[in-house]
Amino acid sequence: MAKIYPDWENINRLRVKPEEGERYLLEYLESHLDDDFEIFFNPYLDGDRPDVIILKKGHGAVVIEVKDWELSNYCIDSKNLWYVLNNRIRSPQQQAFRYKSNLFELHIPILGLSELSNKNFYKVINVYVYFHKILKIQLASFYGSPEQEIRNILSETNALRGDYNFEDYEKKINYWESKKKQLSRDLSISICRDSLDLKVNKIKNIAKNSLFTDEIYQDLRRRLMPSSQVLEQGIKVPFDSRQLKLSESSAGLSKIKGVAGCGKTSILAQRAINARKRHGDIVLILTFNITIRFYIKDVISRIAGSRLENEIEVIHYHGFINEKINQYGISIEDVMAKFRDDEPDKLEKVYSYQKLFEGRSITKYKSIFIDEIQDYDPDWIKIIRDNFLEDDGEMVMFGDQSQNIYDREESKRASPIVLGFGSWNKLTKSYRSSIDAPLVSLFSAFQKEFLLSKYNDAEIFESFPTQSGLLFDVLNYEFLQGGFSFLTVLGRISDYIRRYNFHPNDIAIIASQVEPLFLINTELSKSESTKIMFETEEELKEIFRKKLNKKAEIERIRRRKKSFFYQNSGLIKLSTIHSFKGLESETVFFILMPDDNPEVIYTAITRAKKNLIVFNFGESKFHEFFAKHMTPI
Numbered sequence: 215m216a217k218i219y220p221d222w223e224n225i226n227r228l229r230v231k232p233e234e235g236e237r238y239l240l241e242y243l244e245s246h247l248d249d250d251f252e253i254f255f256n257p258y259l260d261g262d263r264p265d266v267i268i269l270k271k272g273h274g275a276v277v278i279e280v281k282d283w284e285l286s287n288y289c290i291d292s293k294n295l296w297y298v299l300n301n302r303i304r305s306p307q308q309q310a311f312r313y314k315s316n317l318f319e320l321h322i323p324i325l326g327l328s329e330l331s332n333k334n335f336y337k338v339i340n341v342y343v344y345f346h347k348i349l350k351i352q353l354a355s356f357y358g359s360p361e362q363e364i365r366n367i368l369s370e371t372n373a374l375r376g377d378y379n380f381e382d383y384e385k386k387i388n389y390w391e392s393k394k395k396q397l398s399r400d401l402s403i404s405i406c407r408d409s410l411d412l413k414v415n416k417i418k419n420i421a422k423n424s425l426f427t428d429e430i431y432q433d434l435r436r437r438l439m440p441s442s443q444v445l446e447q448g449i450k451v452p453f454d455s456r457q458l459k460l461s462e463s464s465a466g467l468s469k470i471k472g473v474a475g476c477g478k479t480s481i482l483a484q485r486a487i488n489a490r491k492r493h494g495d496i497v498l499i500l501t502f503n504i505t506i507r508f509y510i511k512d513v514i515s516r517i518a519g520s521r522l523e524n525e526i527e528v529i530h531y532h533g534f535i536n537e538k539i540n541q542y543g544i545s546i547e548d549v550m551a552k553f554r555d556d557e558p559d560k561l562e563k564v565y566s567y568q569k570l571f572e573g574r575s576i577t578k579y580k581s582i583f584i585d586e587i588q589d590y591d592p593d594w595i596k597i598i599r600d601n602f603l604e605d606d607g608e609m610v611m612f613g614d615q616s617q618n619i620y621d622r623e624e625s626k627r628a629s630p631i632v633l634g635f636g637s638w639n640k641l642t643k644s645y646r647s648s649i650d651a652p653l654v655s656l657f658s659a660f661q662k663e664f665l666l667s668k669y670n671d672a673e674i675f676e677s678f679p680t681q682s683g684l685l686f687d688v689l690n691y692e693f694l695q696g697g698f699s700f701l702t703v704l705g706r707i708s709d710y711i712r713r714y715n716f717h718p719n720d721i722a723i724i725a726s727q728v729e730p731l732f733l734i735n736t737e738l739s740k741s742e743s744t745k746i747m748f749e750t751e752e753e754l755k756e757i758f759r760k761k762l763n764k765k766a767e768i769e770r771i772r773r774r775k776k777s778f779f780y781q782n783s784g785l786i787k788l789s790t791i792h793s794f795k796g797l798e799s800e801t802v803f804f805i806l807m808p809d810d811n812p813e814v815i816y817t818a819i820t821r822a823k824k825n826l827i828v829f830n831f832g833e834s835k836f837h838e839f840f841a842k843h844m845t846p847i
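So for the sequence shown, the numbering used here puts the first residue at 215; every next one is plus one.
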């Protein structure tokens with residue numbers, strides 16, 4: 215029996231379930247292929263999502279596109295073009311070949327480079343299309359009409375050969391012969407339900423191929439393996455009694471804080487869902503970080519089983535205020551005229567202006583939840599509470615003082631926030647990693663050494679001493695002398711990826727500054743698709759070519775990319791720590807910069823769920839700490 219990834223328990227939990235044909239094909243392949251074969255269902259491949267890919271080490275790969283189509287809705291012409299309801303579409307065979315082509319052109323660098331020197335490499339991957347609801351005789355009839363039309367065209371052209379000059383005759387004959395071959399090829403790689411046994415026997419007997427080396431196999435397999443996001447999909451959030459209590463929705467003001475990974479986002483999501491059920495009105499969730507809103511939406515979707523887009527609004531504070539300024543016809547220019555500062559400072563003061571919505575009839579919310587409260591100016595909280603919360607409404611703030619990367623003044627933040635919201639509900643146990651994991655011990659030690667004296671009321675990670683030899687997470691510290699080198703970093707990252715088979719979707723490369731990330735991405739993107747929240751080299755060149763305002767255009771590009779950042783894109787992510795705050799990744803590569811402060815470093819290292827690799831290129835007061843608490847390399 216073949217191995218299938220993800221396993222059936224996981225597949226049955228997926229939000230997007232297999233279609234009837236996909237499930238039938240997977241079950242058939244699993245039971246008819248032996249355990250030398252590995253079957254991957256709907257894998258992430260840098261944005262591509264092929265239905266099925268089969269691997270056999272030392273032999274090759276097979277890409278299968280699956281269609282549950284009824285042919286009565288489709289037609290094909292003599293040029294091998296497909297149509298549905300008179301609208302041209304890409305044929306299933308084209309889709310399958312595109313996936314194959316992208317494996318060479320985009321996804322597997324070693325495969326593409328090898329094919330440049332030896333065209334036989336292209337043969338290590340075969341493609342098929344499985345039509346679940348079609349019989350062989352129906353498919354033959356479907357292709358019979360265009361094939362007959364081509365035969366008629368060729369016969370007529372040959373009969374009238376004397377009417378053509380030689381060049382035109384050859385051109386026409388060659389064109390229609392090529393279309394005839396395309397139709398014949400596409401029919402030959404098409405599988406129907408009643409021909410499945412014959413085609414699967416072909417796959418069973420796929421010949422050994424020395425070109426499909428172990429290196430190519432391992433790289434392809436690493437990318438096809440399900441990411442942690444896929445493996446965790448559909449698993450019910452296991453709230454403990456404390457978390458469950460805090461996720462209950464009720465009127466009143468309250469606040470919750472806790473260590474990174476304590477489940478704040480899951481509690482927030484569950485409480486928002488419960489609030490919607492309790493009163494039936496729209497629920498508002500405010501963040502500070504633009505990028506985290508899609509992550510919160512994903513958590514809501516995972517818990518609720520649907521996205522609830524029209525029931526729960528998720529937006530960052532500045533975006534929300536902008537929407538309301540527009541909705542209620544407020545003139546920003548008139549408000550800015552009240553201040554004497556420079557223009558940028560004037561604009562920022564608009565968002566803190568207590569009388570911004572004075573005299574307006576405002577639509578209010580029964581439930582408002584504010585995430586990342588440590589990043590909020592106290593005036594913002596008062597604006598939200600006084601203008602947008604119903605008198606008997608529910609308002610809950612979530613935060614982690616140790617992630618105060620914008621250096622909000624502690625005394626200024628604490629005083630107005632505390633009033634009316636009661637005592638902090640504290641969470642000290644991290645569920646991102648097990649309590650005896652090396653990561654949790656590292657987080658706890660860092661807090662105690664660098665943050666506890668500044669934030670004496672901060673929550674400290676619960677942690678137990680780890681027993682060496684029993685845990686296999688990667689926790690490495692690399693002190694690389696000689697100044698920052700993006701090629702060195704990229705080389706080391708590539709080594710880790712190959713050695714530990716890290717999935718691209720599970721990798722984040724972060725730093726406090728864009729510059730090192732820009733250099734790494736410029737080189738990395740030559741061989742790997744990436745997801746970034748800053749400008750590319752091409753975009754920067756375009757700014758200079760068009761002589762645009764560099765600062766303004768870069769800010770526009772970055773804001774747009776942050777607004778549409780998806781955590782589970784299937785790609786390696788590169789981001790500043792500030793933009794990645796609130797998100798997490800299975801594996802984090804952190805580039806330590808000389809001026810990084812404890813809050814920034816704490817936020818960076820706590821983005822890791824399992825594996826953390828820290829690169830340090832210069833003198834840093836944190837060198838001794840990391841050398842002591844991580845594995846020095």
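Using N, Cα and C, we set each Cβ at its ideal position, and we do this for glycine too.
Between residue i and residue j, how many whole angstroms is the CB-CB distance? I'm expecting something under 8 angstroms.
i	j	result
residue 243	residue 268	7 angstroms
residue 413	residue 342	6 angstroms
residue 863	residue 687	What the structure shows of the chain is the stretch from 215 to 847, and residue 863 is not part of that stretch, so it cannot be assessed.
residue 476	residue 656	Not quite, the Cβ-Cβ distance comes to about 16 angstroms (not below 8 angstroms), so this is no contact.
residue 799	residue 822	7 angstroms
Exposed or buried, which one is residue i when buried takes at least 16 other CB atoms within 10 Å?
i	result
residue 683	Interpretation of residue 683 is limited by its pLDDT of 38, a score under 50 that renders its predicted location unreliable; the figure taken from the coordinates is listed afterwards. By the 10 Å Cβ count, residue 683 comes out exposed.
residue 680	A caution first: residue 680 carries a pLDDT of 46, below 50, which makes its placement in the model too unreliable to give a value.
residue 665	buried
residue 554	exposed
residue 369	exposed
residue 712	exposed
residue 400	buried
residue 568	exposed
residue 375	exposed
residue 678	Interpretation of residue 678 is limited by its pLDDT of 48, a score under 50 that renders its predicted location unreliable; the figure taken from the coordinates is listed afterwards. Result: exposed.
residue 433	buried
residue 490	buried
residue 251	buried
residue 570	buried
With residue i as the anchor, note down where its alpha helix (DSSP H) starts and where it stops.
i	result
residue 533	531-541
residue 414	410-418
residue 736	728-738
residue 241	234-246
residue 389	380-402
residue 333	Neither: residue 333 is in no alpha helix (DSSP H) and is coded neither H nor E.
residue 567	Segment: none, residue 567 is in no alpha helix (DSSP H) and carries neither H nor E.
Would you mind reading off the limits of the beta strand (DSSP E) that contains residue i?
i	result
residue 272	Segment: none, residue 272 is in no beta strand (DSSP E) and carries neither H nor E.
residue 448	Where residue 448 is concerned, there is no enclosing beta strand (DSSP E), given that its DSSP letter is neither H nor E.
residue 296	296-298
residue 690	689-693
residue 341	339-345
residue 801	799-806
Let me check one thing: in DSSP terms, what residues is residue i bridge-paired to?
i	result
residue 638	469
residue 611	469, 584
residue 264	Answer by DSSP bridge pairing: none, since residue 264 is not bridged.
residue 817	Beta-bridge pairing links residue 817 to no other residue.
residue 786	744
residue 527	498
residue 301	298
residue 764	None, per the DSSP bridge assignment.
residue 223	DSSP lists no partner for residue 223.
residue 281	345
residue 288	298
Validate contact between the stretch 508-522 and the stretch 476-487 using beta carbons, cut 8 angstroms, 3 pairs: Output reads yes: the stretch 476-487 touches the stretch 508-522.
Taking three-plus beta-carbon pairs below 8 angstroms as touching, is the stretch 350-360 in contact with the stretch 280-290? The answer is yes - the stretch 280-290 touches the stretch 350-360, with three or more Cβ pairs under 8 angstroms.
Inter-stretch contact at 8 angstroms, needing at least 3 Cβ pairs: the stretch 289-298 / the stretch 258-268: In this structure the stretch 289-298 does not lie against the stretch 258-268, because fewer than three pairs of beta carbons, one per stretch, are closer than 8 angstroms.
For the pair the stretch 576-592 and the stretch 486-502, tell me if three or more CB-CB distances fall below 8 angstroms. Output reads yes: the stretch 486-502 touches the stretch 576-592.
Decide yes or no for the touch test of the stretch 722-730 against the stretch 801-816: beta carbon pairs closer than 8 angstroms, at least 3 of them. The answer is yes - the stretch 801-816 touches the stretch 722-730, with three or more Cβ pairs under 8 angstroms.
Pair every Cβ in the stretch 438-446 with every Cβ in the stretch 566-580, then say whether three or more of these pairs are closer than 8 angstroms. The answer is no - the stretch 566-580 does not touch the stretch 438-446, with fewer than three Cβ pairs under 8 angstroms.
With a cut-off of 8 angstroms, do at least 3 Cβ pairs link the stretch 592-601 to the stretch 443-462? No, they do not touch.
With three or more C-beta pairs closer than 8 angstroms as the rule, is the stretch 421-429 touching the stretch 377-393? With fewer than three CB-CB distances shorter than 8 angstroms, the stretch 377-393 does not count as touching the stretch 421-429.
With three or more C-beta pairs closer than 8 angstroms as the rule, is the stretch 652-665 touching the stretch 813-827? At 8 angstroms Cβ cutoff, the stretches touch.
Say whether the stretch 693-700 touches the stretch 405-419, bearing in mind that this needs 3 or more beta-carbon pairs closer than 8 angstroms, one atom from each stretch. In short, these stretches do not touch, since the Cβ pair count stays below three.
For the 8 angstroms Cβ check, are there 3 or more pairs between the stretch 738-745 and the stretch 785-799? The answer is yes - the stretch 785-799 touches the stretch 738-745, with three or more Cβ pairs under 8 angstroms.
So, do the stretch 752-767 and the stretch 715-724 have three or more beta carbon pairs nearer to each other than 8 angstroms? By the C-beta criterion, the stretch 752-767 is judged not to be in contact with the stretch 715-724, since fewer than 3 inter-stretch pairs fall below 8 angstroms.
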